[in-house]
Each structure stands twice: as C-alpha cells, then as structure tokens.
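Enquirer:
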Amino acid sequence: MTTDWTPAALSRDIPAASAAPGQLGETDLAIWRSASGRIAAWSDRCPHRGMRLSHGFVRGERLSCIYHGWGYGEGGQCVRIPAHPELTPPEAIKVPVFAAAEASGVVWVADGTPAGAPPEFPGFEGFRSLRIHAPATVLARAFGGAGHVIEGTLGPCAVVALIQPLPGNVSALHLLAPEGAGPATLDALSLAAEALRRTAEAQAEQAEEETA
Numbered sequence: 000m001t002t003d004w005t006p007a008a009l010s011r012d013i014p015a016a017s018a019a020p021g022q023l024g025e026t027d028l029a030i031w032r033s034a035s036g037r038i039a040a041w042s043d044r045c046p047h048r049g050m051r052l053s054h055g056f057v058r059g060e061r062l063s064c065i066y067h068g069w070g071y072g073e074g075g076q077c078v079r080i081p082a083h084p085e086l087t088p089p090e091a092i093k094v095p096v097f098a099a100a101e102a103s104g105v106v107w108v109a110d111g112t113p114a115g116a117p118p119e120f121p122g123f124e125g126f127r128s129l130r131i132h133a134p135a136t137v138l139a140r141a142f143g144g145a146g147h148v149i150e151g152t153l154g155p156c157a158v159v160a161l162i163q164p165l166p167g168n169v170s171a172l173h174l175l176a177p178e179g180a181g182p183a184t185l186d187a188l189s190l191a192a193e194a195l196r197r198t199a200e201a202q203a204e205q206a207e208e209e210t211a
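Numbering (numbering that gives the first Met the number 0), first residue to last: 0 to 211.
1. Which of the three DSSP states, helix, strand or coil, is assigned to ALA176?
2. Rounding to the nearest angstrom, what Cα-Cα distance links ALA145 and GLU178 in this structure?
3. Spatial neighbours of THR1 within its chain, please: CB distance less than 8 Å, with the 5 preceding and 5 following residues excluded, ordered by chain position.
4. Can you give the Cα-Cα distance for GLY59 and PRO166, rounded to whole angstroms?
5. When DSSP labels each residue in this structure, what does ARG44 get in the three-state scheme?
6. Identify, in the order they occur along the chain, each residue of the same chain with its Cβ nearer than 7 Å to the Cβ of PRO6, setting aside the five sequence neighbours on each side.
7. Tell me which same chain residues have a C-beta within less than 7 Å of the C-beta of PRO155, skipping the five on either side of it?
8. Would you report the Cα separation of HIS83 and PRO134, rounded to the nearest angstrom?
9. Which word fits VAL28, buried or exposed, when buried means at least 16 other C-beta atoms lie within 10 angstroms of its C-beta?
10. Would you kindly check if the distance between the Cβ of ALA141 and the Cβ of LEU195 is under 9 Å?
11. Could you pull the start and end residues of the alpha helix (DSSP H) that PRO182 belongs to?
12. Excluding sequence positions up to five away, which residues of its chain have a Cβ less than 8 Å from the Cβ of ALA206?
13. Leaving out the 5 sequence neighbours to the left and right, which residues in its chain are closer than 8 Å to LEU52 when beta-carbon positions are compared?
14. I need the straight-line Cα distance from HIS224 to ASP3, nearest angstrom please.
15. Helix, strand or coil: which one does DSSP assign to GLU60?
16. Thinking C-alpha only, which one of VAL57, LEU86 and GLY111 is nearest GLU73?
17. Could you check the C-alpha separation between SER128 and PRO182 for me, to the nearest Å?
18. Using only alpha-carbon positions, find the residue among GLU124, ALA91 and PRO81 that is nearest to GLU101.
19. For the alpha helix (DSSP H) that contains LEU138, what are its first and last residues?
20. Assuming the contact rule is C-beta atoms closer than 8 Å, ALA34 and ALA15 should be a hit. Round their C-beta distance to whole Å, please.
21. Would the beta-carbon of ILE92 fall within 9 Å of that of HIS54?
Here you go:
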C-alpha cells in the first residue's frame, strides 16, 4: 500500500453527478464525481459562507454550493456567482483540492502529491463501506490481522479489508469482494461484515471500561 494514499470511499457509492462527505485525517472532504465521471476530493467548505459542499449539487463538470449556488470548476476555482452572473470571480475564491484517484473500485485520496498510483488488488472490487465505532487497531485485531490493509477471509469468501482511521476512535472499513461473486455470497459477506462490526465495537467498549 502506497503510504500517501488513503482509502476514503468506494467508487460505486459516488455515481456520476453526485457528491458525498469523506474524510482525510482530521480534514472533512467533499468527494464528488462530475457528469463525465471525473472523481475529485475537495475541502468540504464553501469559501463563501462555509456550507458543506458535500451537500451541494453537480452540473456538468462543476460542483455548486446548495446555499447560494456558487459554482466551482477545475482545480476548485470559483467560476460562477449566481447573484452576479456577469462577474468573473476573483482567482482568490478557490476551494482547497486534494489528490484523488480510483483503483480496484476504491476512491483514494492524498494530501499533497502522491509518490505513485494507488494500490491495485487484482481479482477484487469494492463491495461495501462500514463506519465502525472502534479504533483501527481494534478493528484489525477483530478481523484477525494487523495494519490498514488485510487480505484474508470473511464469512464465505476471500476479501481485502481496507481500514481507514477516523477521528474520535472511529474507523471506516472498506471491503473488497471477489469479482463476479454472486448475490448469495455477497449477502452472506454483508452479514459477516455486520458481525465483525459488532465484535470490534464490543471489544472497543470493553477496552474503554478496563481503562476507566
């Protein structure tokens, strides 16, 4: 796993012309896909009034704030202010932009310029993301592994588990399933993922009680 890339979402959860919230460390992100399919990760704050851009709307290659409709295009640059349609917005009005790329059905984000492409997992594709109220170390231990990338078995099949640490002793689990897995296998895998969530959260709760 390239250390400067962080798994932040699954490609299937960000369809064309949509936006969703994401996270990179302590930074809130708006992860969005243009109508043409281009993926992007920006700071989740409109420079105008601070409204979350992940609540906004996508038109073509532009992400617009839902509050006053300010539109942002290539590189996060403001390109339209509806209240002043004849105005060319100043270059200073710009949303901070983060690196974003897709591989194996995962949206990867990074702060700065990554050293290379995000990792690929041949034969696997993004299946499901879960938010789990347990630290990343506890979640990995509940899975039976260590680190933020675990290749193993969960329920009925082999999986790749990408564990994303989040603020507040919370983690995101991005699961990759075998390509072409059938509905019955995926249903069983989903149940196994829910069981893993319960196990990790119970272990985290127990650890908190022991240290209280």
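We put the CB at the ideal spot given by N, CA and C, even for glycine.
Expert: In short:
1. Walking along the sequence shown from the start, residue 176 turns up at place 177. ALA176 falls in the strand class under three-state DSSP.
2. To locate residue 145, count along the sequence shown from 1; it is residue 146. To locate residue 178, count along the sequence shown from 1; it is residue 179. Cα to Cα, ALA145 sits roughly 24 Å from GLU178.
3. Stepping through the sequence shown from its first residue, residue 1 is reached at position 2. With a pLDDT of 41 at THR1, under the threshold of 50, the predicted position of this residue should be treated as unreliable, and no value is reported.
4. Working through the sequence shown from its first residue, we reach residue 59 at position 60. Working through the sequence shown from its first residue, we reach residue 166 at position 167. Roughly 33 Å between the two C-alpha positions.
5. Your numbering for residue 44 matches position 45 in the sequence shown. It is coil, neither helix nor strand.
6. One-based indexing of the sequence shown puts residue 6 at position 7. So the list reads VAL105, TRP107, LEU161, GLN163 and HIS173, once near-sequence residues are dropped.
7. Residue numbering aside, residue 155 sits at position 156 when the sequence shown is read from its first letter. Taken in chain order, the residues that qualify are THR184, ALA187 and LEU188.
8. In the sequence shown, residue 83 corresponds to position 84, counting from 1. In the sequence shown, residue 134 corresponds to position 135, counting from 1. Roughly 47 Å separates the two Cα atoms.
9. Walking along the sequence shown from the start, residue 28 turns up at place 29. Note that residue 28 is Leu in the sequence shown here, rather than Val. With 16 or more Cβ atoms within 10 Å of its Cβ, LEU28 is classed as buried.
10. Within the sequence shown, the letter at position 196 stands for residue 195. Within the sequence shown, the letter at position 142 stands for residue 141. Cβ distance < 9 Å, so LEU195 and ALA141 count as in contact.
11. Counting from one through the sequence shown, the residue named residue 182 turns up at place 183. It spans 182 to 210 - the alpha helix (DSSP H) in which PRO182 sits, taken as one unbroken run.
12. Along the sequence shown, read from residue 1 onward, the residue named residue 206 stands at position 207. For ALA206, where only same-chain residues beyond five positions count, the Cβ hits under 8 Å are VAL137.
13. Residue numbering aside, residue 52 sits at position 53 when the sequence shown is read from its first letter. So the qualifying residues of the chain are ALA18, ALA29, TRP31, TRP41, SER42, ASP43, ARG44, CYS45, LEU62, CYS64, TYR71 and VAL94.
14. Residue 224 lies beyond the residue range present for the chain, which begins at 0 and ends at 211; the question has no answer from this structure.
15. Position 61 of the sequence shown, counted from the start, is the residue given in the question as residue 60. The answer is coil: DSSP assigns GLU60 none of H, G, I, E or B.
16. Stepping through the sequence shown from its first residue, residue 73 is reached at position 74. Closest by alpha carbon: VAL57.
17. The residue given as residue 128 occupies position 129 in the sequence shown. The residue given as residue 182 occupies position 183 in the sequence shown. Whole-angstrom Cα-Cα distance: 17 Å.
18. Taking the sequence shown and counting its residues from 1, the one referred to as residue 101 is at position 102. That would be GLU124, whose Cα lies nearest to the Cα of GLU101.
19. As a position in the sequence shown, residue 138 is number 139, starting the count at 1. Unbroken alpha helix (DSSP H) run through LEU138: 135 to 142.
20. For the purposes of this step, residue 34 is taken as the residue at position 35 of the sequence shown. For the purposes of this step, residue 15 is taken as the residue at position 16 of the sequence shown. Going by Cβ atoms, the distance from ALA34 to ALA15 rounds to 6 Å, so yes, they are a contact pair.
21. On the sequence shown, residue 92 is found 93 positions in, with the first residue counted as 1. On the sequence shown, residue 54 is found 55 positions in, with the first residue counted as 1. Not closer than 9 Å, so no.
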